[in-house]
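Peer 1: Heads up: the sequence shown begins at 107 in the working numbering, then just goes up one per residue. Here it is: the structure, laid out below.
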Amino acid sequence: MPRFTFDSLADPQVVHHFALEVQGIEEATFTEASGFGNSHEVIEHRETGKGGRQFVSKQPGNLKWDDIILKRGVTSSTQLYDWRQQVVDGQMDQARKSGSVVFYDARNQEITRVNFVRGWPSKWKQSDVKTTDNNALIEEVTISHEGILRA
Numbered sequence: 107m108p109r110f111t112f113d114s115l116a117d118p119q120v121v122h123h124f125a126l127e128v129q130g131i132e133e134a135t136f137t138e139a140s141g142f143g144n145s146h147e148v149i150e151h152r153e154t155g156k157g158g159r160q161f162v163s164k165q166p167g168n169l170k171w172d173d174i175i176l177k178r179g180v181t182s183s184t185q186l187y188d189w190r191q192q193v194v195d196g197q198m199d200q201a202r203k204s205g206s207v208v209f210y211d212a213r214n215q216e217i218t219r220v221n222f223v224r225g226w227p228s229k230w231k232q233s234d235v236k237t238t239d240n241n242a243l244i245e246e247v248t249i250s251h252e253g254i255l256r257a
């Protein structure tokens, strides 16, 4: 039976805010973040065993990384838009950057970070607006990448 250490029983950290750090781009205070995961395609092989008994064997196929999606209120900064524009302009050598999403607690102390490799903004959008709404403008960027590692 596994033994638990005191650290393994600690309360989970509460994230207060998070920031994006990328080579040459530093943007802070996002309101939403998602896409910190991966999965394998499953390849099924049909096989015949002794006595003609058929069964399916499952093997891992290609590894797929989820895209990171970050949302925040629109600010005067155009760094995320400019980064996306590099992709639109076909400047992929400049657009591919490694970076981190850094998670902070209420005292602005770093809790953890997720590093991504060779990321590039595959999508940028600004929220729809209506004059009848009092909602803040939201900027959303989707970062496609070639791998993540929790640091």
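Yeah, the Cβ is synthetic: ideal placement off N, Cα and C, and Gly gets one too. All values derive from a computational prediction rather than experimental measurement.
Going by DSSP in three states, Leu126 sits in which element: helix, strand or coil?
Peer 2: It is a strand residue.
Peer 1: Would you call Ser206 buried or exposed, if buried means 16 or more other Cβ atoms sit within 10 Å of its Cβ?
Peer 2: With 16 or more Cβ atoms within 10 Å of its Cβ, Ser206 is classed as buried.
Peer 1: When DSSP builds the beta bridges, which residues end up paired with Arg219?
Peer 2: Answer by DSSP bridge pairing, in chain order: Val208.
Peer 1: Hey, out of Glu252, Leu186, Asn168 and Ala242, whose CA is closest to His146's CA?
Peer 2: Selected option, being the one with the closest Cα: Asn168.
Peer 1: Can you tell me where the beta strand (DSSP E) with Gln165 in it begins and where it stops?
Peer 2: Run containing Gln165: Gln160 to Trp171, per the beta strand (DSSP E) assignment.
Peer 1: Span of the alpha helix (DSSP H) holding Leu243?
Peer 2: Looking at the DSSP string, Leu243 is not in any alpha helix (DSSP H), and its letter there is neither H nor E.
Peer 1: Name, in chain order, the residues that DSSP records as bridge partners for Lys231.
Peer 2: In the DSSP output, where bridge partners are listed per residue, Lys231 has Glu246.
Peer 1: Classify Pro166 as buried or exposed, calling it buried when 16 or more other Cβ atoms lie within 10 Å of its own Cβ.
Peer 2: Looking at its Cβ environment, which holds fewer than 16 other Cβ atoms inside 10 Å, Pro166 is exposed.
Peer 1: Taking the straight line between their C-alpha atoms, what separation do you get for Thr237 and Ile244?
Peer 2: Roughly 15 Å between the two C-alpha positions.
Peer 1: Can you tell me which of the three DSSP states Lys156 falls into?
Peer 2: Helix, per DSSP.
Peer 1: In angstroms with no decimal places, state the Cα-to-Cα distance between Phe124 and Leu176.
Peer 2: Taking the straight line from one Cα to the other gives about 10 Å.
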